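In my numbering, the protein residues as written are -6 to 173.
Yeah, the Cβ is synthetic: ideal placement off N, Cα and C, and Gly gets one too.
Everything numeric in this text was worked out from a predicted model, so none of it was measured.
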């Protein structure tokens, strides 16, 4: 929607992505030689799994690039990862930030899940914050749409850096106060 797409295109894209993720979830272990079959299944899906008339050539090319990326072990690892399982073992101070206009992840849902996992593990030194007006890359933005990234001058918004520096100063101060 942030990119100005119509509802039919959004639904077609979401359905294709659901089908891709369903295939990936059920895929055999790549070390067992299942990637050839998975690639064939993914290619067949991309070329016939949704109403392709609703997708542009650029969309299809991007989806094919995503398919290639998803066949790489790093992406497969990320899709299978369960961060909550690891976060509940973290005992060091944590600052978890998201941009309020992040369209890659749900700022509200992700921060709540991070805070819960850390709390569950007994971490009392965790701070979560959603930064107003910032996107996934912590840039000031209009909508948060990925197409804006390259148009925005600069990298991090200064306020994101300020939050990080203030948090670090607070943590260092607490550590000094606890020192013998």
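Taking the beta carbon of residue i as the centre, do at least 16 other beta carbons fall within 10 Å, making it buried, or is it exposed?
i	result
residue 61	exposed
residue 14	exposed
residue -6	exposed
residue 102	exposed
residue 107	buried
residue 92	buried
residue 146	exposed
residue 176	No information on residue 176 is available, as it lies outside the stretch -6 to 173 that the chain covers here.
Where does the unbroken alpha helix (DSSP H) through residue i begin, and where does it stop?
i	result
residue 78	76 to 80
residue 148	It is not in any alpha helix (DSSP H) - residue 148 carries neither H nor E in the DSSP assignment.
residue 12	0 to 18
Would you grab the beta carbon distance between residue i and residue j for me? Rounded to a whole angstrom, and I think it's under 8 angstroms.
i	j	result
residue 113	residue 81	5 angstroms
residue 32	residue 7	Not really, about 22 angstroms apart at Cβ, beyond 8 angstroms.
residue 118	residue 156	So it is not a contact: roughly 16 angstroms between Cβ atoms.
_Contact between the stretch 67 to 75 and the stretch 94 to 101 (3+ Cβ pairs under 8 angstroms)_ = By the Cβ test, the stretch 67 to 75 is not in contact with the stretch 94 to 101, since fewer than three Cβ pairs between them sit closer than 8 angstroms.
*Please specify which runs of the beta strand (DSSP E), each continuous and at least 3 residues long, are wholly inside the stretch 62 to 124, giving them in chain order.*
87 to 92, 119 to 124
*Flag this pair as touching only if the stretch 122 to 135 and the stretch 150 to 169 have three or more C-beta atom pairs under 8 angstroms; answer yes or no.*
Touching, yes.
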